[in-house]
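Asker:
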Amino acid sequence: MEENGKECSLCHGTGSLTCRGILVIYLLAAKVPLLIILVSLIGAITYSRYFYLMLGLGMVLPLARADFRMYLYPVALIAKLAGKKLNCPRCNPQGGMFRRF
Ligand SMILES: [Zn+2]
Numbered sequence: 118m119e120e121n122g123k124e125c126s127l128c129h130g131t132g133s134l135t136c137r138g139i140l141v142i143y144l145l146a147a148k149v150p151l152l153i154i155l156v157s158l159i160g161a162i163t164y165s166r167y168f169y170l171m172l173g174l175g176m177v178l179p180l181a182r183a184d185f186r187m188y189l190y191p192v193a194l195i196a197k198l199a200g201k202k203l204n205c206p207r208c209n210p211q212g213g214m215f216r217r218f
C-alpha cells in the first residue's frame, strides 16, 4: 500500500509490520513509561531500593492511559518470529493486531 506516494516505513508497503515497525508501533508508543522503568531500574540497582516504587509507577502508567501496546510488544515480537503477519496500523487502521490473510 502506498502512502502519499511514499512507501510506508513500518511495513515497506506489504501491510504487515517489519521488526522495526513492531518496535515503533508497540514499544516507542510508550516512551515515557519506558523511560521511567529504565531510569528506576538503574536507580534501584545502583542507588536505592526506593526506586522500585518509581518502577511500579512506570508499570502502572500505561494502564492508567489504557495503552496496552507496551505490554503487547513481546507478544507481537514472538508472533512475528513464529511467522504470523502483523497488521500495519498506519496502512490499515481498521484492522486488528494480526492480518487475516
Ligand atoms: Zn504500513
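Under this note's numbering, think of the first position of the sequence shown as 118, with each following residue one higher.
From the three backbone atoms N, C-alpha and C, an ideal C-beta is built for every residue, glycine too.
#1: Determine which residues share a DSSP beta bridge with L203 and list them.
#2: Does DSSP put S157 in a helix, in a strand, or in coil?
#3: Assuming M171 and P179 form a contact by the criterion Cβ under 8 Å, report the distance between their Cβ atoms to the nearest whole angstrom.
#4: Closer than 7 Å: is that where the CB of C128 sits relative to any heavy atom of ligand 2?
#5: Please classify P191: is it buried, with 16 or more other beta-carbons within 10 angstroms of its beta-carbon, or exposed?
#6: Is R207 near ligand 1, going by C-beta to nearest heavy atom under 7 Å?
#7: For C125, does the count of other Cβ atoms within 10 angstroms reach 16, so buried, or fall short, so exposed?
#8: In angstroms with no decimal places, state the Cα-to-Cα distance between L189 and Y164.
Answerer: With the structure as the only source:
#1: F215
#2: helix
#3: Taking 8 Å as the upper bound for CB-CB distance, M171 and P179 are not in contact here, some 15 Å apart.
#4: Within the structure as shown, ligand 2 is missing, the only ligands being ligand 1.
#5: exposed
#6: yes
#7: buried
#8: Rounded to whole angstroms, the separation of the alpha carbons of Y164 and L189 is 30 Å.
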